[in-house]
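Heads up: the protein sequence lines correspond to chains U and E, in order. Positions 1 to 229 (my numbering) are the ones given, in order, by the first sequence. Positions 230 to 458 (my numbering) are the ones given, in order, by the second sequence. From the three backbone atoms N, C-alpha and C, an ideal C-beta is built for every residue, glycine too. In this text the structure is predicted, and so the values were computed from the model without any measurement. Notes to accompany the following structure.
Protein chains: 2
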Amino acid sequence: MSQEQGNAPEPTLARLTRYLRCLRRLSDEGIQTISSKQLEARLGVLSAQIRKDLSYFGEFGKPGVGYNVQHLLERLSEVMQLDREHRAVIAGAGNLGSALAGYAGFAKSPFRIVGMFDNNFSKIGRLLWNLEIQDIHELPRINQTLGATIGILTVPANAAQEVADIMVDAGIRAILNFAPAHIHVPCHIAARDVDLLRELEILSYYLDRLPAEDEAKSDTAPEADGLDS
Amino acid sequence: MSQEQGNAPEPTLARLTRYLRCLRRLSDEGIQTISSKQLEARLGVLSAQIRKDLSYFGEFGKPGVGYNVQHLLERLSEVMQLDREHRAVIAGAGNLGSALAGYAGFAKSPFRIVGMFDNNFSKIGRLLWNLEIQDIHELPRINQTLGATIGILTVPANAAQEVADIMVDAGIRAILNFAPAHIHVPCHIAARDVDLLRELEILSYYLDRLPAEDEAKSDTAPEADGLDS
DNA sequence: GGTCGCCTGTGAAACTTTGCACAAAGATTA
DNA sequence: TAATCTTTGTGCAAAGTTTCACAGGCGACC
Chain U
1 MSQEQGNAPE
11 PTLARLTRYL
21 RCLRRLSDEG
31 IQTISSKQLE
41 ARLGVLSAQI
51 RKDLSYFGEF
61 GKPGVGYNVQ
71 HLLERLSEVM
81 QLDREHRAVI
91 AGAGNLGSAL
101 AGYAGFAKSP
111 FRIVGMFDNN
121 FSKIGRLLWN
131 LEIQDIHELP
141 RINQTLGATI
151 GILTVPANAA
161 QEVADIMVDA
171 GIRAILNFAP
181 AHIHVPCHIA
191 ARDVDLLREL
201 EILSYYLDRL
211 PAEDEAKSDT
221 APEADGLDS
Chain E
230 MSQEQGNAPE
240 PTLARLTRYL
250 RCLRRLSDEG
260 IQTISSKQLE
270 ARLGVLSAQI
280 RKDLSYFGEF
290 GKPGVGYNVQ
300 HLLERLSEVM
310 QLDREHRAVI
320 AGAGNLGSAL
330 AGYAGFAKSP
340 FRIVGMFDNN
350 FSKIGRLLWN
360 LEIQDIHELP
370 RINQTLGATI
380 GILTVPANAA
390 QEVADIMVDA
400 GIRAILNFAP
410 AHIHVPCHIA
420 ARDVDLLREL
430 EILSYYLDRL
440 PAEDEAKSDT
450 APEADGLDS
């Protein structure tokens, strides 16, 4: 029986993105069918886990055969809403914001950077990767035209909340926050934090706390969670 | 009774970094004592959760009083090994690598970028943020001098594994991987993935799946997990 | 058509993490 | 000193997630 609601666990969603990446590669390789056991071999995720993850969204496989790569790829893309373009704006034209704006990986993704914003008058008006840096306070007005649904926050920590509020005002419905600060958003807005310093601090904890160098490239360390090749 | 081993759950470690950030701010504000209930009000983490998290590492508070901010700050810093400097190298002098190398937030952290590496001969030798870009293949030799324990991976996905191997060769013991690819490391190496596209894909899933705009700035959306202030 | 081997989807068990509730302990007041 | 208030640390229950194990479906081969 298939469920269809949005009640899949978060860890499942994270793994789904890995399955997708693997499926895209399989598709490129011209492989048409794959079983959960074969996926386990490629991803290091238990086959039962894979089947359970998929079962949250429907029944995609054939017993005795496995999954049709193309079909599963399309279905999971639908589930993740990756079958349509998503427009995003970046707030904060500093080092990180500039780097993200120029990220080549977006080309093959459904995500498009359609606007770049800052509050620094010496930056506003300048061109960056073919985008003119605009005044962050104009975002609500300008986004009526841009129609971005995703906001990427690359401002300093002390400005994060203020800019997040502006984004919500502007009709942004999902925020990816790179500032090392927590932002409060209304419950109809999705928000995630990506925090360089936090990641380093967690790695710091593990330094000198790992099994000891008995070699054997058995990757079972406290990895966050991996991705496809 | 206090435990001291490294058997704390990962979610606890992630929250610990949030407690630390809050404690640093409290310390700056000159606040000397804080209770788990007050922390709950500031962080949105249940007080019982906070106490349980802390209990993995010892007993730091006084019943009837709370925690001494400075003392807890120092103890947690020890636990996370943030009381000493950590040297890190960056591999991949592209947009993202360059941005991270220049990240101002490192100044107040125990992390120091001590080397910048790439495989592109047109980049090797150039200066970036006062660091000379060096040949990635020289890392094992050069790191005998640098003594970096942390490696930050900002190379394209298809080079990630190869460069990770070089890092392990070079004595790096923790890897922060920004490439959209999974890397395999020996079990005595810590590794974490930070993946822009994955985060966007997860946000994409939540778009149009949230409670609907009934306003009320009640932040109880599917936030990843927040940070202080 | 029957038999065999493989693979899916899923209920139930095992494990992990969170949240609750309370005993014990320090502070405060009288 | 006793009564009261506050807050910690933790055993236990609840919730969430992963893993196991198997019934039943499908294809291949004889």
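- S265/E does not reach chain U, its nearest Cβ partner there being about 18 angstroms away, counting only Cβ pairs nearer than 7 angstroms.
- Annotated three-state conformation of I353/E is coil, per DSSP.
- Within the same chain, L176, N177, F178 come within 8 angstroms of V194/U by CB-CB distance, once the 5 residues on both sides are set aside.
- Between T241/E and I279/E, the alpha-carbon positions lie close to 9 angstroms from each other.
- Per DSSP, reduced to three states, the secondary structure at D394/E is helical.
- The beta-carbon of T17/U is placed less than 8 angstroms from the nearest beta-carbon of chain E.
- Setting aside the 5 residues that flank it on each side, R341/E is surrounded in the same chain by E314, H315, R316, A317, F335, each with a C-beta closer than 8 angstroms to its C-beta; the list follows chain order.
- For A93/U, same chain residues with a beta-carbon under 7 angstroms away, outside a window of 5 residues either side, are M116, D118, K123, L128, I133 in chain order.
- In the DSSP annotation of this structure, V79/U is not part of any beta strand (DSSP E); the continuous alpha helix (DSSP H) holding it starts and ends at 69-79.
- The three-state reading of DSSP puts T378/E in coil, since its state is none of H, G, I, E or B.
- The C-alpha of D83/U lies about 22 angstroms from the C-alpha of I90/U.
- When DSSP states are grouped into helix, strand and coil, L360/E belongs to the strand group.
- Taken through DSSP and simplified to helix, strand or coil, I202/U comes out as helix.
- N372/E is classed as buried because its beta carbon has at least 16 other beta carbons within 10 Å across all chains shown.
- Apart from the 5 residues on each side of it in sequence, L146/U sits with its Cβ closer than 6 angstroms to the Cβ of V114, G115 in its chain, given in chain order.
- Take the alpha-carbon of A8/U and the one of I401/E: they are about 37 angstroms apart.
- 8 angstroms or more divides the Cβ of I263/E from the Cβ of L203/U.
- Each residue's CA atom was taken as its position, placing R421/E and Q390/E some 13 angstroms apart.
- With 16 or more other Cβ atoms inside 10 Å of its own Cβ, G61/U counts as buried.
- Residue range 111-118 is occupied by the beta strand (DSSP E) that includes D118/U.
- A direct Cα-Cα distance of roughly 18 angstroms separates L23/U from E428/E.
- Per DSSP, R402/E lies in no beta strand (DSSP E) segment and is marked neither H nor E.
- Beyond the five residues adjoining it in sequence on each side, I189/U comes within less than 8 angstroms, by CB distance, of V168, I172, R173, A174, I175 in the same chain, given in chain order.
- For L153/U, no CB of chain E lies under 8 angstroms from its own CB, so it is not counted at the interface with that chain.
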